[in-house]
Amino acid sequence: MPDSLDALLTASRQGDASAAAALFEATYDELRRLAGRVRRGRASATLNTTALVHEAFLRLAEGAAAESRAHFLAIAAKAMRHVVVDDARRRLAVKRGGGVEHVALRETLVGEGPAPDLLALDEALDRLAEVDARAAAVVECRFFGGLTVEETAGALAVSPRTVERTWRAARVRLFQTLRDD
Numbered sequence: 103m104p105d106s107l108d109a110l111l112t113a114s115r116q117g118d119a120s121a122a123a124a125l126f127e128a129t130y131d132e133l134r135r136l137a138g139r140v141r142r143g144r145a146s147a148t149l150n151t152t153a154l155v156h157e158a159f160l161r162l163a164e165g166a167a168a169e170s171r172a173h174f175l176a177i178a179a180k181a182m183r184h185v186v187v188d189d190a191r192r193r194l195a196v197k198r199g200g201g202v203e204h205v206a207l208r209e210t211l212v213g214e215g216p217a218p219d220l221l222a223l224d225e226a227l228d229r230l231a232e233v234d235a236r237a238a239a240v241v242e243c244r245f246f247g248g249l250t251v252e253e254t255a256g257a258l259a260v261s262p263r264t265v266e267r268t269w270r271a272a273r274v275r276l277f278q279t280l281r282d283d
């Protein structure tokens, strides 16, 4: 994203509709890249990469007050988490209690073992946030936002080493929580 993104973020925060449109255009490719990472390996008839980008951006536009590129990416990760989880809830409601899509969380998140569904992961992540907000934010950025270690470090204003350490600990906690449930 270009350096002028900060100016677009500022203007958009102040209610400039043309800046919000320019912000979408300026960030669209990056949001698609992140959404592609989030969606990798998860087929869904109702939520493709483009839909995820558009839904997440609508949520961002409704009240996101990003102050920098890194902060914008962190907010985008949280928005994508909510879009993906809401989609899973909608599909569950349609199916009247059965068949929530199981998500392969790859060993980068939980290691070996059965893959939990998105709703269970969302609940586990909420519980993690109660005891370790940074760990929950790292998971949102890395898993739901598809951010790299360096992007996550920038978004959360911590060192890459802190992100790596927190990511490892969060994966263990989430795996234990999901296994126990």
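Just add 102 to wherever you are in the sequence shown, counting from 1, and you've got this note's numbering. Note that the Cβ used here is the ideal one computed from N, Cα and C, for glycine as well.
Straight through space, the alpha carbons of Gln116 and Asp189 are spaced by roughly 30 Å. Residue burial is scored here from C-beta neighbours: Gly138 has fewer than 16 other C-beta atoms within 10 angstroms and is therefore classed as exposed. About 12 Å separates the Cβ atoms of Leu220 and Met182, ruling out a contact at the 8 Å cut-off.
Of the residues Leu249, Ala231, Gln278, Ala271, the one whose Cα lies closest to the Cα of Arg171 is Leu249. Under the criterion of beta carbons closer than 8 Å, Leu136 and Ala121 do not qualify as touching, at roughly 21 Å. For the pair Ala257 and Val274, the Cα-to-Cα distance works out to about 22 Å. Cα atoms of Asp282 and Val185: separation of roughly 26 Å, rounded to the nearest angstrom. Per DSSP, the unbroken alpha helix (DSSP H) holding Ala222 starts and ends at 220-233.
Assignment of Val260 by DSSP, reduced to helix, strand and coil, places it in the coil class. In the three-state reduction of the DSSP assignment, Glu127 falls in the helix class. In this structure, the CA atom of Glu232 is about 19 Å from the CA atom of Arg244.
Comparing alpha carbon positions, the residue from Glu225, Glu253, Arg270 closest to Ala237 is Arg270.
In this structure, Phe159 and Phe126 form a Cβ contact; the two beta carbons are roughly 6 Å apart against a cut-off of 8 Å.
Secondary structure note for Ser114: its alpha helix (DSSP H) is the uninterrupted segment 107-115.
If the five residues before and after Leu230 are omitted, its C-beta is found closer than 8 Å to the C-beta atoms of Ala237, Ala238, Val241, Ala272, Arg275, Leu276, Thr279, all from its own chain and listed in chain order. Taking the CA atoms as reference points, Glu253 sits about 24 Å from Ala113. Assignment of Ser120 by DSSP, reduced to helix, strand and coil, places it in the helix class. Distance between Asp228 and Ala255, taken at the CA atoms: about 21 Å.
If the five residues before and after Thr151 are omitted, its C-beta is found closer than 8 Å to the C-beta atoms of Arg134, Ala137, Gly138, Arg141, all from its own chain and listed in chain order.
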